[in-house]
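Worksheet for the structure shown next.
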Amino acid sequence: MNKLQSVYARGTSVYALGLGLVFALLISAFGSLPALADGIDTSAVEKQALNPIAIGTFLLFVVSTLAITWWAAKKVHSRSDFLVAGGGLKPWQNGMAIAGDFMSAATFLGITGALYFNGIDAYILGVGIMIGWPIILMVIAERFRNLGRYTFIDVVINRLEERPVRIMASCISLGIITFYLIAQMVGAGTLIQILFGLEYVWAVMIVGVLMVVYVAFGGMVATTWVQVIKATLLLLGGSYLAIAILVQTGFSFDTLVMKATDASPHGDGLLLPGHWFGRDPIAIATVALTMTFGVMGLPHILMRFFTVKDAADARKSVFYATSIMGYFYILILIIGLGSVFVLAGDPSILTDTGALKGGANMVAVHVSRALGGDIMYGFMAAVSFATILAVVAGLTLSGAATIAHDLYASVLAHKKIKEGTEVNVTRYSTISIGIISVLLGLAFEGQNVAVTAAIALAIGASVNFPIILLSLYWGGLTTRGTLWGGYIGLIVCILLILISPGVMVAVLGYSEAIFPYTYPTIIAMPVTFAVIILVSKFDRSDRARKDRNGFAHQSLISELGNEVEGASGH
Amino acid sequence: MSHETLTPNETMLQEKLAPIVKRRLRVSGYLTAFLLGLYAFFAYLLSTGEEVAGVPVSGELNLVVMTAIFAIVSGVVVSGYYSWWTKKNLDPVMEEIRELVTNE
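Residue numbers (our numbering), protein chains in the order written: chain U, 128 to 697; chain Y, -6 to 97.
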């Protein structure tokens, strides 16, 4: 073992120790063990009257982003331009876009609503992401940028046998993207029905057409700018709401908390745990692991590291992203708590049965109307639509890149195609993904799709994260270990989800589930790690020898970047 | 794509890189352990009741809320510190090594 390898080995031990510590602490945490409570209290979707301010603001957003797409399309001359903006994005642009991916409708509307109904338990989602990102910065970002070109799979196959690993990683990648897209499309249709008064089918079609236009013509440049604009609008809107709430509390956080607990049906219990997870340590642990490590396994996020010029810029991007997200999650806390007293006693937001109109996801929008009238309501509704659009555009690009670059160009055509052909295949893939997304969105109308988003994050945490971490840090990793670990981890992950409350109770209607937790990460992630490590350890094949020997060279490139490859003697 | 053996140049580069990589892993290891420990503590608090999570810390804010806010702020501070540290300590050494490689 050479010097650099032994340094990595020690580093891996530290991370393994940290992970072990987290598992040990969480599992040993004392508490009762009831089944995981249902996440967000939702009531029936109610189509609203046509909202001209929301539609006007949204049209403005669409026109400006289409203009950017037209401008971006003129700059696309190569595969690199199309897939990763030629590596020419500024760190602040990439940071804004990364933050934008996490400031989704699910985050803004979902966590605000969850705070309103479930109190502090809901904040585990935001805290998990805020812990995950600095770890990405320190563990993944720089090496990723140095080793990869277009997709995260380029990094994983660096020293492993390319064909089988690309196929496996592509399947996992496309699975994550499909599940995410289903959740986003159904969410878009439902939300737009509520916010704009548009029919579900029109909402899904509009999202499908726009995302195809952004990606097929503007590639990564347009996709990034859509995220940047949306993130800016969301931050502006969120800041306005938070300031308007703080004005009512004299800018005192103490008064904010006091007013919220006084107005909440939970009373002082609003800021005590137990309203969502029932203080179940295993349920909390599995959500915590999914949130923190799921982020590190999402293909459309990992792709963003290749859009800047070098590792230092990748690092800066993550710092910008973390700072923006930190600010945003503080805003969410203020808006979530503020909504409890702002909306208290307002009969106009309640249905005849006393439930919140539109369900928990509408809390932030009701607050917008209460604090800023119809103009603010329309603005936030439009921003929510733009948010979904920006996220699906990123997902579509990532999916199209996997199909065109990983599967078509690398596996099927053995890299014997021209760059222009690959770009065209990416464009056709984008159109196909757009059509499939619309069909899936229509097919899943009215279904409980919370589980599909859970599947995407759980696969990211349980399968992709172990493969990525071990491929970057463990010299003993072999192709056979990666394939066995990847496939078994994926199967365990999906089987556990199929017998979880998200499917058995919410979709199939059973009174209880065999596996009581929505997220399978607490079991699936250790299984993936264990299988990869065990199979790699016992792998005595010729390929395994090559895989292990290749680590020294990979380590070098991961530190210095691809530009030194030729100069270093190879 | 993989290269099974290192050239003498690459072996020399590895020797040069090892100390700075070791320092970086130490820094990032401590910071990662701190963040994971903090998150584990927050998750532990969520599994407790008023007697632990509800302990007042400052005014109306209890231990679990303060820990959540502290974790969010820590995420930003740790990112900032690591970025500053690498820019000051890692980047100049890496640049030096890169120049050495490209000049040869």
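Heads up, the beta-carbon is just placed ideally off N, CA and C, and yes, glycines get one too.
Environment of residue i [buried if 16+ CB atoms lie within 10 Å]
i, result
"E53(Y)", "buried"
"K542(U)", "exposed"
"T478(U)", "exposed"
"L24(Y)", "buried"
"L163(U)", "Caution applies to L163(U), whose pLDDT of 29 falls short of 50 and renders its modelled position unreliable; the model cannot decide the point."
"E686(U)", "buried"
"G421(U)", "buried"
"V435(U)", "buried"
"K201(U)", "exposed"
"E8(Y)", "exposed"
"A471(U)", "exposed"
"D666(U)", "buried"
"G183(U)", "exposed"
Residue i, enclosing alpha helix (DSSP H) - first and last residue
i, result
"V70(Y)", "56 to 78"
"I530(U)", "Per DSSP, I530(U) belongs to no alpha helix (DSSP H) and is neither H nor E."
"F185(U)", "179 to 200"
"P392(U)", "Segment: none, P392(U) is in no alpha helix (DSSP H) and carries neither H nor E."
"H427(U)", "426 to 429"
"F344(U)", "327 to 375"
DSSP state of residue i mapped onto helix, strand, coil
i, result
"S706(U)", "Any property of residue 706(U) remains undetermined from this structure, which presents chain U solely from 128 to 697."
"P400(U)", "coil"
"L610(U)", "helix"
"L470(U)", "coil"
"L(-1)(Y)", "coil"
"L216(U)", "coil"
"R91(Y)", "helix"
"L539(U)", "helix"
"L569(U)", "helix"
"L483(U)", "strand"
"D407(U)", "coil"
"K545(U)", "coil"
"A45(Y)", "In the sequence on display, residue 45(Y) carries Val and not Ala. DSSP places V45(Y) in coil when its eight states are reduced to three."
"S205(U)", "coil"
"S40(Y)", "coil"
"V519(U)", "helix"
"G602(U)", "coil"
"Q681(U)", "helix"
"S379(U)", "coil"
"D440(U)", "helix"
"S313(U)", "First, the residue type needs correcting, since residue 313(U) is Val and not Ser in the sequence shown. The answer is helix: DSSP assigns V313(U) an H, G or I state."
"G30(Y)", "helix"
"G688(U)", "coil"
"G587(U)", "helix"
"Q320(U)", "helix"
"Q7(Y)", "helix"
"V14(Y)", "helix"
"V414(U)", "helix"
"V211(U)", "helix"
"V435(U)", "coil"
"V141(U)", "At V141(U) the pLDDT is 49, less than 50, meaning the model places this residue with poor confidence; the figure from the coordinates comes in the next sentence. Reduced to three states, the DSSP call for V141(U) is helix."
For residue i, the first and last residue of its enclosing beta strand (DSSP E)
i, result
"V50(Y)", "49 to 51"
Touch test, the segment 410 to 423 of chain U against the segment 641 to 656 of chain U, Cβ-Cβ under 8 Å, three pairs minimum: yes
Taking 8 Å as the threshold, find out whether the segment 558 to 576 of chain U comes into contact with the segment 234 to 253 of chain U through three or more Cβ pairs. no
With a cut-off of 8 Å, do at least 3 Cβ pairs link the segment 53 to 62 of chain Y to the segment 373 to 390 of chain U? yes
I want to know whether the segment 450 to 468 of chain U touches the segment 63 to 79 of chain Y - three or more CB-CB distances under 8 Å. yes
Is there contact between the segment 489 to 501 of chain U and the segment 257 to 275 of chain U, where contact requires at least three CB pairs shorter than 8 Å? no
Alpha helix (DSSP H) segments (min. 4 residues) lying fully within the segment 617 to 672 of chain U: 628 to 631, 648 to 665
Complete runs of the alpha helix (DSSP H) confined to the segment 224 to 301 of chain U [at least 4 residues]: 239 to 245, 250 to 262, 269 to 274, 279 to 283
On the three-pair Cβ rule with 8 Å, is the segment 604 to 611 of chain U touching the segment 629 to 636 of chain U? no
For the 8 Å Cβ check, are there 3 or more pairs between the segment 182 to 196 of chain U and the segment 509 to 517 of chain U? yes
Counting pairs of beta carbons, one from the segment 589 to 598 of chain U and one from the segment 296 to 303 of chain U, are three or more of them closer than 8 Å? yes
Three or more C-beta pairs under 8 Å: does that hold for the segment 218 to 225 of chain U against the segment 21 to 40 of chain Y? no
Assess contact between the segment 357 to 376 of chain U and the segment 196 to 214 of chain U, defined as three or more Cβ pairs (one per stretch) separated by less than 8 Å. Is contact present? no
Does the segment 362 to 374 of chain U come into contact with the segment 462 to 469 of chain U, if we say contact requires no fewer than three beta-carbon pairs (one atom in each stretch) closer than 8 Å? yes
Counting pairs of Cβ atoms below 8 Å between the segment 73 to 80 of chain Y and the segment 440 to 448 of chain U, do you hit three or more? yes
Check whether the segment 325 to 340 of chain U touches the segment 577 to 587 of chain U, taking contact to mean three or more Cβ pairs, one atom from each stretch, closer than 8 Å. no
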